[in-house]
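Using my numbering, the first residue of the sequence shown is number 40, and each one after it goes up by one.
Idealized CB from N, CA, C, for every residue including glycine.
Bear in mind the structure is a predicted one, so any value in this text is a computation, not a measurement.
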Amino acid sequence: MNIPDFYKKLTTVFLLCCVNTLFCQPGYQFTFSKNDEGCSKGAADLQIDTIKSGDILTIDWSTGTTNVFSIKDLDAGNYNVHVVIKAQPDTVLLTKKDTTINFTIDKIECVVVSNHFTPNGDNYNDYLQISNTDKYPKFELFIFNKWGQQVHSQKEKYTPWDGTWNGINVPDQTYYYIFYFDSANKKKVLKGDITILR
């Protein structure tokens, strides 16, 4: 079975300026991204650009994990990450930035596309199988050959493809699909390849 990494990362960029003007330097840029829970568990990643020499950084995830930039194996739900950046000029510890980023890991029913099928009429693996299309009634599927010509399309209700185009068997080779669907009020896309062998 073919399970591509189709979960688009949701990326948010924050430009955060320090509030203590005595030690204020150009703002910190936070880049936050997440993967929803689907064929695999959810994950989240935090990057902080322009950290200065001498900065003291504390990262607290609501899962209990501390002082790491990435966490994995997240179930669907609400989370946050609390970031504190401090500077220590001489012996005085000063807070330069204190912020909390809230985020949600959504649950996406895993769509799995077979990576090959054998439409030779033996009643075994004769059709392209795609699981969980019933969870996404507004889906659209497009299949192309290696020259980019569309050889199959359908939407809303999946009927297993028999490997024909206008009633004629397509050649044995690798084809490429794009599967569009809505999940958690967001547009998602799944891409991959399928091999036909008779």
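| Asked | Found |
| --- | --- |
| Those residues which DSSP pairs with W100 across a bridge | V120 |
| Minimum C-alpha distance to E76 - residue among E148, V152, I87, D84 | E148 |
| C63, DSSP secondary structure in three states | Because the pLDDT at C63 is just 41, under 50, the model does not fix this residue reliably, and the point stays unresolved. |
| Residues of its chain near N117, where Cβ-Cβ distance is below 6 Å and the 5 sequence neighbours each way are ignored | T143 |
| Touch test, the stretch 156-170 against the stretch 196-212, Cβ-Cβ under 8 Å, three pairs minimum | yes |
| Residue-chain proximity (W186, chain C), Cβ-Cβ < 7 Å | This model lacks chain C altogether, as it is built from one protein chain only. |
| Secondary structure of D201, DSSP reduced to three states | coil |
| Distance CB(I124)-CB(D94) smaller than 7 Å | yes |
| Beta-carbon spacing of I235, D211 below 7 Å | yes |
| Spatial distance of D221 from F156 (CA atoms) | 26 Å |
| Beta-ladder partner(s) of D173, from DSSP | Beta-bridge pairing links D173 to no other residue. |
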